[in-house]
Amino acid sequence: MTTNASSRYHDVHAQSLSDPEGFWGEAAKAIDWIVPAKKVFDPSVGLYGRWFVGGVLNTCYNALDRHVAGGRADQVALIHDSPLTGEVRKFTYAQLLHEVQVLGAILQDLGVGKGDRVILYMPMVPEAVVAMLACARIGAVHSVVFGGFAAKELATRIDDARPKLILSASCGIEPGRIVQYKPLLDEAIALANAKPDGCIVLQRPQHGCDLVAGRDHDWAELRSKAIAAKKSADCVPVLATDPLYILYTSGTTGKPKGVVRDNGGHAVALAWSMWNLYGVKPGEVWWCGSDIGWVVGHSYIVYAPLFHGATSVMYEGKPVGTPDAGAFWRVISEHKAVAFFTAPTAFRAIRKDDPDGSFIRKYDLSQFRTLFLAGERADPPTVDWAEKQLKVPVIDHWWQTETGWCIAGNPVGLGQLPVKHGSPTVPMPGYKVEVVDEAARPLPAGAMGSIVIKLPMPPACLPTLWEQDEHCKEAYFNEFPGYYKTSDAGYLDDDGYVYVMGRTDDIINVAGHRLSTGGMEEILASHPDVAECAVLGIKDTIKGEVPCGFLVLKAGVERPVADIEKEVVALVREKLGPVAAFKLAIAVGRLPKTRSGKILRGTIKKIADGDSWTMPATIEDPKSLDEIGAALKGRV
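All letters in the sequence shown, in the order written, are residues 1 to 636 by UniProt numbering.
This is how it looks when you write it as structure tokens:
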């Protein structure tokens, strides 16, 4: 296997598979336990076994109290940076603990107890972090629903989780517009069969809202009264196997899939990852540019950096347009972040607006060490651009809502391995990643197939779906017995590096040849005028499916669009040969995406195929789908 002689990775990963209980038992010493686990792993419990059975702890205590007691009281825990409001707010560990103690007491006064669910329908504000930690403090189970989510989708989550309370805000702020949350919340509650006992609403100065008498409470008023009465919630002990939160997977239709995260395994795995994977030390500034509506925001804005005693940046803004393509570099420079984690789509947006990287050179990034990318496949041209512009390691890594942390990555803290463009590198400890065929038979290196994870999965991975054990088995465990099905397709190379080429439904069958749309996208993205792209298979009466490429061109490109479209078609035929049957490339102004930056390939395919489709609940800009429809007219 390709190696870095100084890296401890291979020994560490081998130990995690040969002696998982010893490995994770040792890692668990980084967490403060009220009662240590009776069994590090018990295979007889749950769908495939459970971690830290019998252990008792409190997640909020591990994130805040122990650091305040241990000398970090005056260290900044959370920096909230909002170019949309022009404000930067900082909270020390002691200040954040105080806010959480107060809100925890408020929740208890409103009848929330251990095991009760609380839905958070919040913008990217510090109060959202306080709410997550307050729920964890009192043993309640939080479920964050992306702020501004459609009322119908919020209602399905209310019915599934049956929350005691909902915490929300009057509005969210997007570039150039205010998104009113309260009308959406009111409509969702009206649609839902399960009604919450009440709502706590944060009135933002940018746009207030009316409160429903007898149901809604003003957040600031409750806080003032609780502080005046010196109210403070203590930490409630919970089992390691008790749920910490429920997070609904994006794009869910019908009955939503609520991924359950437990308290114990989650704390152990995330605390382990901050140094070993991300190479961040306690006390350093770390920035995860995600949203708390997504798993990345849960794990790496809130929990992991605070478990580790680091300083976490929370950003309310965009990669471009707030105010320009230098927004990220301003935040890194101003707050002295040593590492940054974002989605490849954010970098494609920056590269499109600032292809020469001129904004990067306006800021002092001398303390910045590492860029991490995840959320979608990091195409090699984007990684190459980022490496050349930033002159720091650019680390792609791969994980899912269901796992809660990285499946395959490049362990900076253990000693970074050589980067291979197009690969998120190697499996992390506890993950035995294999590639199999339809009969669950392992495939040789280089062969494309379904990527699966040998059971049991490591700590922090989903134990089940919320109140849906059978659906969980059907969705993840039944198709490949003894494995977790990732629903991703790809291959392993001779060095054990993982290559994730797309979802299994992104492997298209062209006249009997299985072709990866991810591989074609890699070729399209290498064209000097292409900022980002998507390739998908569309119906063809002769070949079954043929690939179609959608291109977004870089800012400032003035060449004829038709010429560029012809060039990328020729490029694919040159690299893959005529078997790819790649004959159609269409330039568009933008690609339809979810709010987390994933391209809505499935919906684009339905439009191209002429199938019926519905507006995805997670879409960032609905008009982008109209543009796709217009671009396709007369072309397919």
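No residue lacks a Cβ here, since even glycine has one placed at the ideal position from N, Cα and C.
| Check | Outcome |
| --- | --- |
| Beta-carbon contacts of V500 that lie in its chain and below 7 angstroms, excluding the five residues immediately before and after | R377, W398, P424, I451, D488 and G490 |
| Where M501 sits in the DSSP three-state scheme | strand |
| Range of the contiguous beta strand (DSSP E) that encloses R50 | R50 to V53 |
| For I292 and K195, the rounded distance between their alpha carbons | 24 angstroms |
| Any 3 or more C-beta pairs closer than 8 angstroms across the region 287–307 and the region 44–53 | no |
| The beta strand (DSSP E) enclosing Q180, as first and last residue numbers | R177 to Q180 |
| Identity of the residue in S312, P43, F149 and P458 nearest T92 by Cα | S312 |
| Close-in-space but distant-in-sequence residues of the same chain around E99 (CB under 6 angstroms, 5 per side omitted) | V130 |
| Cut-off 7 angstroms between Cβ atoms - residues of its own chain near A188, not counting five sequence neighbours on either side | A151, L154, A155 and I158 |
| Backbone secondary structure at S624 - three-state DSSP | helix |
| Bridge partners - W286, DSSP secondary structure assignment | S312 and A339 |
| Endpoints, the alpha helix (DSSP H) within which Y121 is located | Per DSSP, Y121 belongs to no alpha helix (DSSP H); it is in the beta strand (DSSP E), R117 to Y121. |
| Reduced DSSP secondary structure (H/G/I, E/B, other) of G519 | helix |
| Touching by the beta-carbon criterion (3+ pairs, under 8 angstroms), the region 167–182 and the region 268–287 | no |
| Given V144 as reference, the closest of M132, R72 and A136 once Cα atoms are compared | M132 |
| Cutoff 7 angstroms; reference F146; Cβ partners in own chain excluding five residues on either side | D291, G293 and R595 |
| Rounded Cβ spacing between I599 and P547 (contact assumed at less than 8 angstroms) | With a Cβ gap of about 15 angstroms, I599 and P547 do not count as contacting. |
| Paired residues, beta bridge with G198 - DSSP | L165 |
| Residues near R8 by beta carbon distance below 7 angstroms, same chain, minus five either side | L414 and G415 |
| Completely contained alpha helix (DSSP H) runs for the region 216–258, where each covers 4 or more residues | 219–228 |
| Beta-carbon spacing of K255, A475 below 8 angstroms | no |
| Where T92 falls: helix, strand or coil (DSSP) | strand |
| Buried versus exposed call for R223 [16 or more other C-beta atoms within 10 Å across all chains shown] | buried |
| Which of helix, strand or coil DSSP assigns to F372 | strand |
| Inter-stretch contact at 8 angstroms, needing at least 3 Cβ pairs: the region 217–236 / the region 100–116 | yes |
| Backbone secondary structure at residue 704 - three-state DSSP | Outside the shown range of the chain (1 to 636) lies residue 704, about which nothing can therefore be said. |
| Coarse secondary structure for L584, derived from DSSP in three states | strand |
| Any non-hydrogen atom of the ligand PLP within 7 angstroms of K539 CB | Within the structure as shown, the ligand PLP is missing, as the structure has no ligands at all. |
| Euclidean distance between Cα positions of A190 and P123 | 21 angstroms |
| Given 8 angstroms, three or more beta-carbon pairs between the region 359–370 and the region 387–402 | yes |
| Residue 638 versus L57 - alpha carbon distance | Examination of residue 638 is not possible in this model, given that the chain is present from 1 through 636 alone. |
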